[in-house]
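Heads up: the sequence shown begins at 904 in my numbering, then just goes up one per residue. Glycine included, every Cβ here is placed at the ideal spot set by N, Cα and C. What follows is a set of notes on a single structure, which appears directly below.
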Amino acid sequence: MWLTFILYGIILTLIIFVFQRNKLNFYLRITLIVILFLLLLLCIYLNSVIFLSNNIWYNKSPSTELIFFFMMLLGMFARYISKAIEDRNVTINKLRISGEKFEKPKLELDIWEMAYPLFFSIITFGMLLRYISTEQVELTELVLSFQTGFFWQTILNKQIL
């Protein structure tokens, strides 16, 4: 019981800590706060549910689908961040070639570019559900969900063609 309160306290402390970091990008702060808040809600839910059978909560519908969807969205977000890092590296290389002294540019994050894959998430998720079994959550299916989100543009292009 006391471990639960310690966990809640740690998560709430992290939420407050991230909220007070004005040097962090606004969108990054909001994203971290939302993720921590969802983690807090998940901990509260898991602590309040008592299971009297061998059926684990994450192996029941709609929990399995929600887990796969969340992993796919996490993959989309990871692709957005990796693309921003790649663009930053291109900018740094151009500045190095120019030969002038420069400060390293920051990552350019835009809320609309981050939201763009979300508009196609239902289509991509439909493709994902076609290839996995939603009977239980396994590591390979979680990785496939993340990978589907990471390569959402490729999957969408194959679907259109």
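Collapsing the DSSP output to three states places D990 in a helix. Listed in chain order, the non-local C-beta contacts of L910 below 8 Å within the same chain comprise C946, local neighbours out to five positions each way being set aside. In the structure shown, the three-state DSSP call for N962 is helix. Taking the C-beta atoms as reference points, S1024 is found no nearer than 9 Å to M974. For R1033, the enclosing alpha helix (DSSP H) has its first and last residue at 1024-1034. Here Q923 carries a helix assignment [DSSP, helix/strand/coil].
Closest in alpha carbon position to L943, among T916, N928, L1045, is T916. The Cβ atoms of R991 and K1009 lie closer than 9 Å to each other. Close CB contacts of R982 within its chain, under the 6 Å cut and outside five residues either way in sequence, are with F1053 (chain order).
Exclusion of the five residues before and after T994 leaves P1008 as the residues of its chain whose Cβ lies within less than 6 Å of its Cβ.
The three-state reading of DSSP puts F1049 in helix, counting H, G and I together. Restricting attention to R1033, L1032, P1020, the CA atom closest to the CA of Q1056 is found in P1020.
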